[in-house]
Structures are given as structure tokens and as C-alpha cells.
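A.B. asks:
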Amino acid sequence: MAVFLLALGAACCLGLGFVLQQHAAQQAPRSDLLRWRLLLDLMRMPQWLLGTGFMVSGLILSALALNQGEVSLVEPLLATNLLFAMALARVLTRQTLGRSGWAGVLLLGLGVTAFIVAGKPTGGGAPAGELRHWLVVGTVVGLVVLLVSMARRLPLFEEATLLALAAGLLYGLQDALTRTTTQRLDHEGLGAVLRSWQPYAVIVAGVVGLLLVQSAFEAAPLRMSLPALTAAQPLAGIACAVGFLGDRLRVTPSALAWQSAGMLAIVVGVIVIGRHPAMPGTVRETLESIGVAPEDESEGGAERRSGSEPEGSPGDGPGGSPGEGSDGVPGKSG
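Numbering (our numbering), first residue to last: 765 to 1098.
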């Protein structure tokens, strides 16, 4: 029960943090995309700092959950962070959940339940050797590099999705390495942890993942990045846990079928929820919905929105604000 509560608490903090961070990241200059300067600029924004505080709290809670439960159990629960993100987005945008929103919620909940019940994830297996560790880590890092390289050749909206996928892979790897580190700390002490490479890999994965996800948040609306991030993290975390942590899932034909159906339902539910109208589009849309004058209309706002569509363009929705199904995808700048 403690693992469930810790994982759901982590999901809540992560979901709230992601929404607040994305609102702030949309105000950053486009020239900061995928540059370390982006993090320095965001550190001066109170809303981003608040979101980061929620995110750090979520990471601490998830580390505690991973210390008490298997990665393959905790990761699907962390995927519910999108539900909490949607709840905050609904408050900001004042949009009702609707049929599609409830369908996404139901799919996500049933998917998590089906995977956990069918797989019955358990630990206790023999951890893999260093070679297998490095093979799994190298595969994940290689996929991240490939996704980032492909993203740089795409328009901003598509770039955001691939960057979020890359960040999700790193966060899943980070979760698995965090469990490795806590296990070593429990059994061998702090000295052994400091002499191993895993805690430093956790820090590097976290920092690089933070840059990727903030760049994704800056490049496009939240609905283009958060579903990909939320879907990739549990898949990567479970793959790493089975790959080198010794986690085991039931592998009978019926169990595998239900696990596959559960993971598919999680991915589809994440996509449906993430593309629901209650998920915020841009900072301007959100501020207008709550009756606040958008900061982007202040002097110098045009520079911050470089690469975005002008008001009244064919891709705009009613009233000149960007529509949900806009065909006018902003191009790259900076």
C-alpha cells in the first residue's frame, strides 16, 4: 500500500509541475531551444521555479516508491501524472472533461490495472552483470541521440514530440538506475555508492532529460509533448528493470496478452488525454481563458513568440487565438 501511495503522490506532483513548467517555458526565447541557456532563463521565472519544486518533490517520492517496490510496478502508476496535469489544466482553461476526456481516463486506469494484475511484477531475480548494464544503458542513450537528431530536422510541433520521447526514455532509465543506487546504499553503504557509476549517471540523465523536456515544452503546446513523455517513461523503465535489475513479469500466454493490452491502453489513454481540449495550448490561450492580459502582448513579446503564427492567420481558431486543429504549424527559428 505504501508503494501505491508514494507512486500516486509522485505522479500528482509531477503532473502539476509539468503544467507550471510548460507555461513558463513558452515564454522563453526560441533561440534558447536545446541550449543550456534555456535553464538559466527559466530559473528567473517564479512559475517555473514553483513547477520545478513540484517536480523535485515528485522525484523524491518516486525514489522512495522505487526503494520499496519494483520498477515494473511503480512505472505504470507514475504514468497517471497526466491525470493530475489534466486536472490543473482544466482549472486553468475552464473546460469540461467531456466524453473523450473520460475515455482517456478510463483507458489509462484500466491499462494500469490490467498490467499490474496480469504481470504480477516481482523482484528478487539476480541483477545482471556490468556488461548487460552497459548494453541496456547504451541502447537507451543511442535511441535518445537518434530521436534528438531527428527532431532537429522537423517543424517545432513534431520536434516537441520527439524531444519529449527522448526525455521519457532518459527518465525511465533514471528510475531504474535510482533503484540500483538505493539497493546498493541499503546493502553496501554510502562508500560503495560513491565509488559506483550509477549515481552519477542518474544525475546526468536527470539534467539532460530536464533540458530536453523544457525544450519540448518551449517548442509547442503541452498536448504535443506530455503524452509522449508520459508514455515513454514507463516503457523505458520497465524495459530497463527487466533488462538489468532482475525484475520479473509473468510470461504465460494469457498474462503476456493482458500485459500487452494494458500497455496499449496506457499509451492510447495517455494520447487521448493529452490531446483533450482541456490540456493548455499556449500561455496566451491559458491567460486569456482566465481573463489575464497575456505577457506576450507586452513590449518585446513578438520576439519571444518568433516562429509562431500571426493573429488572424488561416490556422487560427475563433477570436484569432490558435485553434486545436491548426494546420499552420510554426516553423523553426533561432
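For each residue, glycine too, the CB sits at the ideal point set by N, CA and C.
1) Over what stretch of residues does the alpha helix (DSSP H) that includes Ser795 continue unbroken?
2) To the nearest angstrom, how far is it from the Cα of Leu933 to the Cα of Gly862?
3) How big is the Cα-Cα spacing for Trp961 and Phe981?
4) Does the distance from the C-beta atom of Phe782 to that of Ala849 stay below 7 Å?
5) Can you give the beta carbon distance from Ile1002 to Leu846, rounded, assuming they're within the 8 Å contact cut?
6) Is it buried or exposed for Gly902, if we count other Cβ within 10 angstroms and need 16 for buried?
7) Taking only three categories from DSSP, how would you classify Val1012?
8) Locate the alpha helix (DSSP H) running through Gln962, then write down its first and last residues.
9) By the DSSP assignment, the alpha helix (DSSP H) with Glu922 in it spans what residues?
10) Between Val855, Gln790 and Ile967, which has its C-alpha nearest Leu823's C-alpha?
11) Is Glu894 helix, strand or coil when you go by DSSP?
12) Please report the straight-line C-alpha distance between Ile1035 and Ser821, rounded to a whole angstrom.
13) Measure the C-alpha to C-alpha separation of Gly973 and Ala1019 and round it to an integer number of angstroms.
14) Could you check whether the region 865-881 touches the region 804-812, counting it as contact only if at least three pairs of C-beta atoms, one from each stretch, sit closer than 8 Å?
15) Let me know if Tyr935 comes out buried or exposed under the rule of 16 or more other beta-carbons within 10 Å of its beta-carbon.
16) Mind checking whether Leu927 and Leu976 have CB atoms under 7 Å apart?
17) Quick check: Ala996 and Leu929, are their CB atoms within less than 7 Å of each other?
18) From the DSSP output, in three-state form, read off Glu839 for me.
C.D. replies: By the coordinates alone:
1) No alpha helix (DSSP H) contains Ser795, which DSSP labels as neither H nor E.
2) If I take the Cα positions, the gap works out to 31 Å.
3) So the two alpha carbons sit approximately 30 Å from each other.
4) yes
5) Ile1002 to Leu846, Cβ: 17 Å. No contact.
6) exposed
7) In the sequence as presented, Val is not what sits at residue 1012; that position holds Arg. In this structure, Arg1012 counts as strand in the three-state DSSP scheme.
8) Gln962 to Ala983
9) Leu920 to Glu952
10) Ile967
11) helix
12) One C-alpha to the other measures close to 25 Å.
13) 33 Å
14) no
15) With a threshold of 16 other beta carbon atoms within 10 Å, Tyr935 meets it and is buried.
16) With respect to the 7 Å criterion, Leu927 and Leu976 are classified as neighbours on the basis of their beta carbons.
17) yes
18) helix
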